[in-house]
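Residue numbers (our numbering): 7 to 295.
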């Protein structure tokens, strides 16, 4: 089901970046009540041409297909969002999603899903975030529920780096860690949010979240970017273990402390800031003691 968060990075000038972070586990229920899982599934997406990133949680099949298709449209200049306002960008993308879903066999949708769309307005430079969910909701003044689309904009803290929203089966577990981290000044920084997320996934308290975190982001003057994650001395990109000895530093790498690392050496990069975790945050076990 996933643990998915959207979070912001804020500096002295205001919001400077937005990130989406997700675990990498895909899971399926078995007929005997068990769970099958695979820890290398792609859950976050970015455009190399437009300042747009997207992610999903919940049912896997439809979101993975439609988000990949939308990214292909953007990156091949078959869909332009350059002159649209944030609400018009969201409307354009959500209409593509809904139109495609109209012809999708609903019988294979086993659960609800939520799609997160984050971007940067080319005119103002402001960042934005929307959620679009397909879920069962209660019909007003009737004793029944029906499946429908629900969408809403998400507020972004412009004062300090902060979590915009947390989703999925692991959302509550992440919020438990967030409570611990909120007691430290490490939390109000991007590094603290990512380390909080990293430890929440590693705790394995949510059986449907696992693998190595994956990460995409948007910055002030660029299109979307993917970031590689170094975990326990290994490189991962979108949940995939990378060890092909080829052009590692073509992308940005971060470790669990969100330190920028050299893709070749796996160590903190030369002249990159060191991030020290406060003593009162020792390990994920602190949350459950």
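The C-beta atom is built at its ideal place from N, Cα and C for all residues, glycine as well.
Between the CA atoms of residue j and residue i - distance to the nearest angstrom
i, j, result
"residue 215", "residue 246", "15 Å"
"residue 275", "residue 14", "23 Å"
"residue 58", "residue 97", "14 Å"
"residue 168", "residue 17", "12 Å"
"residue 279", "residue 64", "36 Å"
"residue 204", "residue 219", "7 Å"
"residue 29", "residue 264", "16 Å"
"residue 255", "residue 277", "15 Å"
"residue 231", "residue 126", "13 Å"
Residue i (DSSP reduced to helix, strand or coil)
i, result
"residue 21", "strand"
"residue 254", "helix"
"residue 199", "helix"
"residue 28", "strand"
"residue 49", "coil"
"residue 170", "strand"
"residue 74", "helix"
"residue 10", "strand"
"residue 189", "coil"
"residue 287", "coil"
Residue from the options whose Cα sits closest to the Cα of residue i
i, options, result
"residue 244", "223, 202, 145 and 228", "223"
"residue 56", "145, 79 and 29", "79"
"residue 116", "197, 33 and 28", "33"
"residue 192", "284, 74, 20 and 52", "284"
"residue 8", "19, 93, 118 and 22", "118"
"residue 132", "225, 102, 11 and 250", "225"
"residue 43", "196, 31 and 252", "31"
"residue 217", "100, 240, 95 and 173", "240"
"residue 221", "36, 37, 61 and 20", "61"
Start-to-end residues for the alpha helix (DSSP H) that takes in residue i
i, result
"residue 276", "Unbroken run through residue 276: none, as it is neither H nor E."
"residue 220", "No alpha helix (DSSP H) holds residue 220; the beta strand (DSSP E) holding it covers 220–225."
Host beta strand (DSSP E) of residue i (start-end)
i, result
"residue 283", "Careful: residue 283 lies outside any beta strand (DSSP E) and carries neither H nor E."
"residue 243", "240–243"
Runs of beta strand (DSSP E) lying entirely within the segment 81–164, each at least 3 residues, in chain order = 119–126, 133–144 and 151–159
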